[in-house]
Amino acid sequence: MVIFIVFVFVLSFLILWSGRAIPSKFYKLFTILPLALFFYFLYYLFELQSRGDLLLIHKWIPLLGIDLNFKLDGLSLLFSLLISGIGALIYFYASEYLKHSPYINRFFCYLGMFMGSMLGMVLSDNLITIFVFWELTSLSSFFLIGFNNEEEESRISANRAFLVTGLGGFFLLAGFMLLANVTGTYSIHEMLNSAAFIQEHNYFVLILIFIFLGAFTKSAQFPFHFWLPSAMAAPTPVSAYLHSATMVKAGIYILARFWPILHDGLYWNQMLMWVGGITMIYGAVHSIFRVDLKSILAYTTISALGIIVFLLGIGTELAVYAAVTFILIHALYKAALFLTAGIIQHAVHIRDIRKIAGLWKFMPVVAIAALVAALSGAGIPLTFGFIGKDLIYETTLQLPKWALLLTALALVTNVLVGAAGFLAGVKPFLGKLPEYEKPVEVPNFILWLPLVILSFLSILFGVLPGIADKNILKYAFQAVYQGETEIYLKLWHGFNQVFVLSLITIGFAILLFVFNRYYRDLLRNIEQLEFLSPQNIIETSALGVKRFAFFYTRLMHNGYLRNYVLVIIVFITCLVGYRFFTSIPFALEMKNISMFNFYELTLFLLMVTAIGFTLRTNSKLIAVASLGVIGFAMCLIFVLYGAPDLAMTQFSIDILTVVLFVLVLYKLPHFLTIKNKKVIGRDVLVSVCFGGLIMLIAMESLLFPADKTLSRFYAENAYVLAKGKNVVNVILVDFRGFDTMIESIVLTIAALGVYGLLKYKAVNEEAD
Amino acid sequence: MKKQTKKDKRQNQTFKEFDLIILRTATNYLIPLLLMASIFVMLRGHNLSGGGFVGGLIASIAFVLHSFAHSTRRTLMLFRTSPKFLIPIGLSISFLSAFLPVLKGKPFFTGLWSSEPVAVIGSIGTALFFDLGVYLVVIGVTLTILLSIKENV
């Protein structure tokens, strides 16, 4: 399993690095990759049915409890199949849609990265790996949304999506850390047993809030929904992929995954029902007032996500079943509608539904497939959506209290979403063809085939729900609910309340659709309330943070090196001094201090002389040279006290530092000779305090016997465990190799920073 | 002040054109020696003093010396593209050497060692490749910083 996921990433980067070496027309062959994954997961589905849940264990960093464990249960397989299956269709579709894009290789790299990280996330059993893959999805979706990076709108919306989901990522990490702290494990399947313990714990509500914030930002729940509509600046295949089955479902996945652990019957339910309920109504109301094709779909997506969150919040057996079913239903019809939107935009180059009509003649197949998708969205009988709608009404009607209100809420949402689905999936094909500037481009089969497959599945599962139910949904339900169920999906429930409600929904949805032109401009009237919108409030506060950061940076980084050094040294002196004088009994013992050897004395005198030169001179070159002398004297100290590795490193660093100084010598400002007595006094005071403190600490440390366990461990095990005789180097490359790796990343960042700053300046100078 | 700087620069240039013969000649012999020394230091690091970090620094000193004796442009021409490409390469080598054990079913960063020692180098393990990655990163970072400062001054 690890190998497959790593392979997805490796292949993605290979595509990126291939540049334009692969002609556009061969990109459709890459569909084989997600398709192969799809069949691979299908194979596991049969394994699951015959043998039950599987746990694939790979140790990654066992000392920290971080493992690459993959858990294959119904829920993760449902998501994996959606991600790889719809992924295959999107790969295929995008190869045609972006045929003329010069950056198609980048696109496929981002898409592959995204798919790999989504798969990694839904398959992981370890909190840390889930988080890592979660952040990778944010990162790769940033690239995907900002794919048209030459348009400002694209860049802004990519930033917006990244910041909102990234913010949620922080909270998610905090929640995970708390959870791991409480349970003592990072593994989700081990946590299942301690669900009651977690729910009793003091931190429980905090954990819930943090994990919810993570899930809500990713799944575009109110008030964090605003990144989703603006993410429509992405190319349509991206929208179809991210907003039907993957990115926005990641939050849903987290909620479903933690349902058995965190579902406590009170906080969980109320928070999710409130947020989900508000989101589903909010998204639904907004959707029918939109005129942009993708915008309509974006708001219906928000609404559908709200429905799923709401259902998970209700938390009865039926509600969970409905939620799991609705995940599949929504993925199928929403992806189809997005693909339709893409085809229409490809054909007529506009997305305003007021100006699109009569495309039926040019693309009858697309029209029929889109109609099916829209019908499924509205819940017309014989489509999969109908079954979902039934389940939702059944759930709300069965609630002990508030049943009528919640049913009404669901009814309104469904009516509005159904109407919006018709607007996006039916309206563009009806009516008389307006006159377009360019002739309508007829889509070829690569564009419409994925759409037809999705719509066919919507019908197939609608007529024979048992196929989806028995093969996958049942297992997904078990993974969430942790128990068997009597519920199964059926086509016909008989004439009951639920059926009547469905009829009402369909009737009103059609009415709203027919009279669309009379009300769709109404929303303009309330645009003056824009300053109250969550987007505005959150973005204004974000700007405030930015301003504060700017002010703070100006204050602390004022460009004078001497001030930086002063601040750092004063701070360290205060902090260490406080700790030193308050917590350690003060005693000085002179007998441990040995006499100077003659070479030590020589070095000491050398350093003092060099320091004197540095302080007295008024030439930059002499100052640099004498600083170099101090550095070399330091190396000699290391050599004398048996640290040759340190001495070597210090030696080379010193050479390079002197070189650096010499390079910039002529650019340095005028050599500053400070005459002000007060400044000199302050500097003397600070340096005497600092030096005195270090001396005291050094002498004090002689009193305490040093703890040798660690150094003894390294000395004894360096050769046994790591086959190296140089303990220092073995620590660097083996025992604490992780630190070294992260340090080399830090070095890289520093180099990129210097390079960027200098290049930026050079470019600016050229521009002048 | 400005005038003075200009004058300094002019002096610098004449200085470079005529009086660097000794430095250049010495450099021609020193650079191969320094580079070999850096690789030697890196390889012996596991058992004796040395290691990728020091090795990388020594190698960078060799290139810095070259850039002083000739010019930054000519030093950059020694690399096909630019020293900053050594950074991602080095990081990837480090990461892969740490990741290799995972593919063999062992924890991340487990040291893997060849059973047979190789001539000159001794036994080969993932730690050696890790150190090689550090070596390359250090060269890349140092040269990127120093040479871009040198170019811009």
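If you're matching them up, the sequences are chains A and F in order. The first sequence runs 256 to 1023 under the numbering used here. The second sequence runs 102 to 254 under the numbering used here. Positions of the beta carbon are idealized from the N, C-alpha and C atoms, including for glycine. Owing to the predicted nature of the structure, the values given are computational and were not obtained by experimental measurement.
| query | Which partner residues of A/GLY401 appear in the DSSP bridge assignment? | reply | Partner(s): none; A/GLY401 has no beta bridge.
| task | Specify the secondary structure class of A/LYS656 as computed by DSSP and reduced to three states. | result | coil
| field | Buried versus exposed call for A/LEU842 [16 or more other C-beta atoms within 10 Å across all chains shown] | value | In the sequence under discussion, the amino acid at residue 842 of chain A is Ala, which differs from the Leu named in the question. Looking at its Cβ environment, which holds fewer than 16 other Cβ atoms inside 10 Å, A/ALA842 is exposed.
| Can you find a C-beta in chain F that's less than 8 Å from the C-beta of A/VAL769? | no
| message | Quick check: the Cα distance between F/VAL239 and F/ILE132, rounded to an integer number of angstroms? | response | 17 Å
| message | Helix, strand or coil for F/LYS103? Go by DSSP, reduced to three states. | response | Confidence in F/LYS103 is poor, its pLDDT being 44 and thus under 50, which makes the residue's placement unreliable; the coordinate value appears in the next sentence. F/LYS103 falls in the helix class under three-state DSSP.
| To the nearest angstrom, how far is it from the Cα of A/PHE296 to the Cα of A/THR556? | 26 Å
| field | Span of the beta strand (DSSP E), counted from its first residue to its last, around A/PHE325 | value | 325 to 327
| said: As an exercise, report each continuous alpha helix (DSSP H) stretch of at least 4 residues that is fully enclosed by the segment 282 to 361 of chain A, in chain order. | reply: 287 to 306, 329 to 352
| Assuming A/LEU323 contacts A/VAL257 under a Cβ cut-off of 8 Å, what Cβ separation, rounded to an integer in Å, is found between them? | 5 Å
| Would the beta-carbon of A/GLY717 fall within 8 Å of that of A/GLY676? | no
| request: Using a cut-off of 8 Å between C-beta atoms, extract the partners of F/HIS147 located in chain A. | output: LYS978, GLY979, LYS980, ASN981, ASN984, VAL985, VAL988
| Among residues of its own chain, excluding the 5 on either side of F/GLY146, which ones have a beta-carbon nearer than 8 Å to its beta-carbon? | GLY152, GLY153, VAL155, GLY156, ASP232
| Would DSSP call A/ASP900 helix, strand or coil? | helix
| field | Distance CB(A/SER796)-CB(F/ILE162) smaller than 8 Å | value | no
| field | 6 Å Cβ shell around A/PHE397 - same chain, five flanking residues per side excluded | value | ALA413, PHE417
| said: Give me the chain F residues within the contact set of A/HIS313, using Cβ-Cβ distance strictly less than 8 Å, ordered along the chain. | reply: VAL203, GLY206
| By the criterion of Cβ-Cβ separation under 7 Å, what are the contact partners of A/THR534 in chain F? | What A/THR534 touches in chain F: nothing, since even the nearest Cβ is about 39 Å away.
| query | Does F/THR245 have its Cβ less than 8 Å from a Cβ in chain A? | reply | yes
| request: Quick one: using the 10 Å Cβ neighbour count with 16 as the cut-off for buried, is A/ASP962 buried or exposed? | output: exposed
| query | Where does A/ILE509 sit, in a helix, a strand or coil, going by DSSP? | reply | helix
| said: Give me the residue from A/GLU739, A/LYS745, A/ARG817 with the minimum Cα distance to A/PHE926. | reply: A/ARG817
| task | Express the C-alpha separation of A/ASN524 and A/GLU692 in angstroms, rounding to a whole number. | result | 53 Å
| request: With DSSP collapsed to three states, give me the class of A/ASN931. | output: coil
| query | Is A/LEU560 closer than 8 Å to A/ALA475 when the C-beta atoms are compared? | reply | yes
| Expressed to the nearest angstrom, what Euclidean distance is found between the alpha-carbon atoms of A/PRO636 and A/SER356? | 41 Å
| message | DSSP three-state label for A/ASN381, please. | response | strand
| Grouping DSSP H, G and I as helix and E and B as strand, with all else coil, what is A/SER631? | helix
| task | Give a yes or no on whether the C-beta atoms belonging to A/ILE383 and A/ILE321 are separated by under 8 Å. | result | yes
| So what's A/ASP962 in DSSP terms, helix, strand or just coil? | coil
| Interface residues of chain F around A/LYS1016 at Cβ under 9 Å? | ASN253
| request: Could you run through the segment 262 to 283 of chain A and flag, in chain order, every residue whose CB is less than 9 Å away from some CB of chain D? | output: The displayed structure is made up of protein chains A and F, and chain D is not among them.
| field | DSSP-derived helix/strand/coil call for A/GLY946 | value | helix
| Can you list the residues of chain F that A/SER907 reaches, using a CB-CB cut of under 7 Å? | VAL155, LEU158, ILE159, ILE162
| query | Do you know whose CA, among A/CYS364, A/LEU311, A/ASP308, lies nearest A/PHE268's CA? | reply | A/CYS364
| task | Compare the C-beta of F/LEU255 with all C-beta atoms of chain A and state if any pair is closer than 8 Å. | result | Outside the displayed range of chain F (102 to 254) lies residue 255 of chain F, so it cannot be described from this structure.
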